[in-house]
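When we follow this note's numbering, the leftmost residue of the sequence shown carries the number 1, and every step to the right adds one.
Glycine included, each C-beta is placed from N, C-alpha and C at the ideal position.
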Amino acid sequence: MFYIFDLDGTLLNSLEDLCNSCNHTLAAHGFPTHPLDAYRYFVGDGMAMLIERVLPEHARTEEVKAVIYREFLDHYQIHKMDRTAPYAGIVEVLETLQRRGDQLAVASNKAQEAMGELMRHYFPTVTFAAALGKRPGVPVKPAPDIVRDIMEIAAATPEQTWYIGDTATDMRTAANAGLRKVGVLWGFRDRAELEAAGADVIISEPREILGL
1 MFYIFDLDGT LLNSLEDLCN SCNHTLAAHG FPTHPLDAYR YFVGDGMAML
51 IERVLPEHAR TEEVKAVIYR EFLDHYQIHK MDRTAPYAGI VEVLETLQRR
101 GDQLAVASNK AQEAMGELMR HYFPTVTFAA ALGKRPGVPV KPAPDIVRDI
151 MEIAAATPEQ TWYIGDTATD MRTAANAGLR KVGVLWGFRD RAELEAAGAD
201 VIISEPREIL GL
């Protein structure tokens, strides 16, 4: 089988580092900051959309967004591993799938330049067929392009592929790519959102992935 995972909120709990880097950048420009829990709903659609959501409405000009995005990304690149960690049991599940002979991949809306170091640091024992994020000229999720690029690299078919994520964006991504949709409850969103987005399966613990 082939398993494509979302990254933030599915494999990694990165919310606090994203929150801290955003709030640091907002405060530096005199904009209001936000509580950690609010970031559960700000993230999930790429870093450009994250910046759009955290800025006050009156400040959402292209010029301001570009400055905040660049400074946020610079800060996040340095601090992206301060508090981030894999969810409990995730590494063990990935290693078990790998031993079974299954293929693994990651599809994220995180900027590609932020992904490589995270993958090497947190998953050194796991080999991924591909780990793709936001790249120039490639539409982000829920567009299916990132997932389709991964499936082409892995020579995988929809019939043998599970897509696993924690948000409605992930469920729509899987639907747009013609894949089976698995929603996880340990991430940033809740069951109601995943059900409304059409999840085929909803799981509460990483070890349930082994029984798909």
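Test item: CB-CB of residue i and residue j under 7 Å
i	j	result
D166	T10	yes
E71	T25	yes
I153	A130	yes
Beta-bridge pairing of residue i - partner residues as DSSP gives them
i	result
P86	L12
K134	A111
V147	DSSP, once it has assigned bridges, lists no residue as partnering V147.
G116	For G116, which the question treats as bridged, DSSP gives no partner whatsoever.
F128	Partner(s): none; F128 has no beta bridge.
Q103	F2
G183	G165 and I202
Distance between residue j and residue i (C-alpha atoms, nearest Å)
i	j	result
P56	A85	30 Å
D200	Q103	21 Å
G30	R191	36 Å
D17	R100	33 Å
H58	I68	14 Å
L179	P136	24 Å
A48	A174	21 Å
T214	A196	Limits of the chain in this structure are 1 at one end and 212 at the other, which puts residue 214 out of reach.
L97	S204	18 Å
L36	E159	38 Å
V138	K80	23 Å
V140	K134	6 Å
Q77	I202	32 Å
V64	L12	29 Å
D74	V106	23 Å
I4	P124	18 Å
D170	Y87	18 Å
I51	T157	35 Å
L15	M119	16 Å
CB-CB length for residue i against residue j, believed under 8 Å
i	j	result
D8	K110	6 Å
I164	I90	At roughly 11 Å, the Cβ-Cβ gap does not stay under 8 Å, so I164 and I90 are not in contact.
N176	P206	Not confirmed; about 25 Å, so no contact.
F42	R53	4 Å
V182	L212	7 Å
**Item:** Length at least 3, wholly inside the region 23-101: the beta strand (DSSP E) runs in chain order
**Value:** As summarised for the region 23-101, there are no continuous beta strand (DSSP E) elements at least 3 residues long confined to that stretch.
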